[in-house]
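Undergrad: Got a structure for you, questions after.
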Amino acid sequence: MSRISELFTFPVTNYKLDWESIVQNQFCKYTQKRCFKVRKSEPSISIGTCIVKVGKDYNNIVICPHRLLQNNQIFFDCIHLLSTHEPGNELHIVPEVSIPGGNVDYFLVSTDSNRNIKDFVGIELQTMDTTGSVWTERENALYQLGINTCEPKKIKSFGINWKMTAKTILVQLHHKVETFQSINKHLVLVVQDCLLEYIKNEFSFSHIHYVASIGDSMHIHSYGVLTKENSFKLFLKSRHSTDSIGISKLLGLQASANLGLEELMKILQSKISDSTLLKFNECT
Numbered sequence: 001m002s003r004i005s006e007l008f009t010f011p012v013t014n015y016k017l018d019w020e021s022i023v024q025n026q027f028c029k030y031t032q033k034r035c036f037k038v039r040k041s042e043p044s045i046s047i048g049t050c051i052v053k054v055g056k057d058y059n060n061i062v063i064c065p066h067r068l069l070q071n072n073q074i075f076f077d078c079i080h081l082l083s084t085h086e087p088g089n090e091l092h093i094v095p096e097v098s099i100p101g102g103n104v105d106y107f108l109v110s111t112d113s114n115r116n117i118k119d120f121v122g123i124e125l126q127t128m129d130t131t132g133s134v135w136t137e138r139e140n141a142l143y144q145l146g147i148n149t150c151e152p153k154k155i156k157s158f159g160i161n162w163k164m165t166a167k168t169i170l171v172q173l174h175h176k177v178e179t180f181q182s183i184n185k186h187l188v189l190v191v192q193d194c195l196l197e198y199i200k201n202e203f204s205f206s207h208i209h210y211v212a213s214i215g216d217s218m219h220i221h222s223y224g225v226l227t228k229e230n231s232f233k234l235f236l237k238s239r240h241s242t243d244s245i246g247i248s249k250l251l252g253l254q255a256s257a258n259l260g261l262e263e264l265m266k267i268l269q270s271k272i273s274d275s276t277l278l279k280f281n282e283c284t
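Per full-length UniProt numbering, numbering through the sequence shown is continuous, rising by one, with the last residue being 284.
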């Protein structure tokens, strides 16, 4: 049995789908583009793995950050952090904005009718990194679906790099949260519930607020994966919060980063357009 649960945003248990077309198109319905995960040896081939099975209980683990974009729910779940957003304002999603410490995956931006920025929230996505290659499991899944004619291979498969994933995202947050705190704005980390549980167990988490406080600059939203009728759906499971000192305590580090509010506003203003408008995504 293959350990792949979802390919190109579709569950591999749904044998009624036109899998030949799905694999040929290599399309991600959440980005409306070709899947960005390609083979290094064959860049023309997208791997397409979204969710995999891990552990004795075969828990479903999300390994693609774009999979978190289902229905744009993660953005709607951050609207309450826009303290100066008002009814009638437009909401925009601006990807990949550079600040001290690296890029922020997305900004949720509130603008007035003239598209002048009124407020914004930074949003970071983190899914699990894997060790080894998922390619063999992907090929085995396609064999089970009747696409591949080759017998499944029996070689060492992939694993989940829990430690490196957790350490990497916490270090990145450490470099970025001070920027948001210095301008009195919010930064949100979006993760799957299993990664948050790992962080709780392996790092000093006792000082983190278990009930999210609107006054904190750093918020953590964790999502579970619900399996229902041959499909997977993400749901908001928990919300925690802290500040820049709280993130530093997790790592025992110090940081200094500052980007002025006016400078960041100019960057975001230049990226606002019709294409960044937040819309209900009908994809499930």
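Here a beta-carbon is modelled for each residue, glycine too, at the ideal position from N, C-alpha and C.
Counting pairs of Cβ atoms below 8 Å between the stretch 106-114 and the stretch 133-143, do you hit three or more?
TA: no
Undergrad: Out of Ile183, Tyr198, Lys37, state which residue places its alpha-carbon closest to the alpha-carbon of phenylalanine 120.
TA: The count along the sequence shown starts at 1 and reaches residue 120 at position 120. Of Ile183, Tyr198, Lys37, the residue nearest in Cα terms is Ile183.
Undergrad: Could you tell me which residues DSSP pairs with serine 238 in its beta bridges?
TA: Mapped onto the sequence shown, residue 238 falls at position 238. Paired residue(s): Ser222.
Undergrad: When you compare the stretch 221-237 with the stretch 58-74, are there three or more beta-carbon pairs, one atom per stretch, that lie closer than 8 Å?
TA: yes
Undergrad: When we look at the beta-carbon of methionine 128 and count the other beta-carbons within 10 Å, is it buried (16 or more) or exposed?
TA: Position 128 of the sequence shown, counting from 1, holds the residue named residue 128. The residue is buried, with at least 16 neighbouring Cβ atoms inside 10 Å.
Undergrad: What is the DSSP secondary structure of threonine 13, reduced to helix, strand or coil?
TA: Taking the first residue of the sequence shown as 1, we reach residue 13 at position 13. Under the three-state reduction of DSSP, threonine 13 is assigned to coil, being neither helix nor strand.
Undergrad: Give me the residue from Ser2, Gln26, Cys78 with the minimum Cα distance to arginine 239.
TA: Within the sequence shown, numbered from 1, the residue matching residue 239 stands at position 239. Taking only the C-alpha atoms, the option nearest arginine 239 is Cys78.
Undergrad: By Cβ distance below 7 Å, which residues in the same chain neighbour serine 46 in space, the five residues on each side in sequence not counted?
TA: Position 46 of the sequence shown holds residue 46. Same-chain partners within the cutoff: Gln26, Arg34, Cys35, Lys37, Val38.
Undergrad: Would you give the residue range spanned by the beta strand (DSSP E) that valine 62 belongs to?
TA: Here residue 62 is taken as the residue at index 62 of the sequence shown, counted from 1. 59-62 is the span of the beta strand (DSSP E), which, as asked, contains valine 62.
Undergrad: Cα separation between glutamine 144 and aspartate 243?
TA: By one-based count along the sequence shown, residue 144 stands at place 144. By one-based count along the sequence shown, residue 243 stands at place 243. Roughly 48 Å between the two C-alpha positions.
Undergrad: If contact is defined by three or more beta carbon pairs under 8 Å, each pair taking one atom from either stretch, is the stretch 182-202 in contact with the stretch 4-24?
TA: no
Undergrad: Residues in its own chain within less than 6 Å of leucine 226 by CB, not counting five upstream and five downstream?
TA: Stepping through the sequence shown from its first residue, residue 226 is reached at position 226. Residues Lys233, Phe235 of the same chain have their beta carbon placed closer than 6 Å to that of leucine 226, with the five preceding and five following residues left out of the count.
Undergrad: Could you say which of Lys40, Gln70, Leu189 lies nearest to isoleucine 51 if we only look at CA atoms?
TA: As a working note, residue 51 is residue 51 in the sequence shown. That would be Gln70, whose Cα lies nearest to the Cα of isoleucine 51.
Undergrad: Per DSSP, which residues does glycine 102 bridge with? Please list them.
TA: By 1-based counting over the sequence shown, the position of residue 102 is 102. Paired residue(s): Ile99.
Undergrad: Does the pairing of the stretch 91-103 with the stretch 155-164 give three or more beta-carbon distances under 8 Å?
TA: no
Undergrad: Mapping the DSSP letters down to three states, classify cysteine 28 as helix, strand or coil.
TA: Position 28 of the sequence shown, counted from the start, is the residue given in the question as residue 28. Looking at cysteine 28 - three-state DSSP - the assignment turns out to be strand.
Undergrad: Based on the DSSP secondary-structure assignment, which residues constitute the bridge partners of glutamate 90?
TA: Taking the first residue of the sequence shown as position 1, residue 90 is located at position 90. In the DSSP output, where bridge partners are listed per residue, glutamate 90 has Thr111.
Undergrad: Do you know how far the Cα of glutamate 178 is from the Cα of glutamate 90?
TA: Position 90 of the sequence shown, counting from 1, holds the residue named residue 90. Position 178 of the sequence shown, counting from 1, holds the residue named residue 178. Each residue's Cα considered, the two are about 27 Å apart.
Undergrad: Buried or exposed, going by whether 16 or more other CB atoms sit within 10 Å of the CB of histidine 207?
TA: Mapped onto the sequence shown, residue 207 falls at position 207. So histidine 207 ends up on the exposed side.
Undergrad: Give the secondary structure of aspartate 216 by DSSP, where H, G and I count as helix, E and B as strand, and everything else as coil.
TA: For the purposes of this step, residue 216 is taken as the residue at position 216 of the sequence shown. Under the three-state reduction of DSSP output, aspartate 216 falls in the coil class, being neither helix nor strand.
Undergrad: Sorry if obvious, but does the Cβ on lysine 237 come closer than 7 Å to a heavy atom of the ligand SAH?
TA: In terms of ligand content, the structure shown is empty, and the ligand SAH therefore cannot be addressed.
Undergrad: If you draw a straight line from the C-alpha of valine 191 to the C-alpha of valine 62, how long is it?
TA: Here residue 191 refers to the residue found at position 191 of the sequence shown. Here residue 62 refers to the residue found at position 62 of the sequence shown. Spanning the two alpha carbons is a distance of roughly 9 Å.
Undergrad: Quick one: Cα of leucine 142 to Cα of lysine 228, how far?
TA: Residue numbering aside, residue 142 sits at position 142 when the sequence shown is read from its first letter. Residue numbering aside, residue 228 sits at position 228 when the sequence shown is read from its first letter. Looking at the two C-alpha atoms, the distance is approximately 22 Å.
Undergrad: Would you report the Cα separation of lysine 29 and asparagine 230, rounded to the nearest angstrom?
TA: Against the sequence shown, residue 29 aligns to sequence position 29. Against the sequence shown, residue 230 aligns to sequence position 230. Looking at the two C-alpha atoms, the distance is approximately 17 Å.
Undergrad: For phenylalanine 76, which of helix, strand or coil comes out of DSSP?
TA: Sequence index remark: in the sequence shown, residue 76 carries index 76 (1-based). Helix at phenylalanine 76.
Undergrad: Check the C-beta distance from leucine 195 over to alanine 166 and give it rounded, since I have them as a contact under 8 Å.
TA: Locating residue 195 in the sequence shown gives position 195, where the first residue counts as 1. Locating residue 166 in the sequence shown gives position 166, where the first residue counts as 1. Here leucine 195 really is in contact with alanine 166; their C-beta atoms are around 7 Å apart, less than 8 Å.
Undergrad: Return the CA-CA distance between glutamate 262 and leucine 278, expressed in angstroms with no decimal places.
TA: Taking the sequence shown and counting its residues from 1, the one referred to as residue 262 is at position 262. Taking the sequence shown and counting its residues from 1, the one referred to as residue 278 is at position 278. Taking the straight line joining both Cα atoms gives about 23 Å.
Undergrad: Helix or strand or just coil, what does DSSP make of lysine 33?
TA: Taking the first residue of the sequence shown as position 1, residue 33 is located at position 33. In the structure shown, lysine 33 sits in a strand (DSSP, three-state: E or B).
Undergrad: Are leucine 251 and histidine 174 closer than 8 Å when you measure CB to CB?
TA: Numbered from 1 along the sequence shown, position 251 holds the residue referred to as residue 251. Numbered from 1 along the sequence shown, position 174 holds the residue referred to as residue 174. Closer than 8 Å, so yes.
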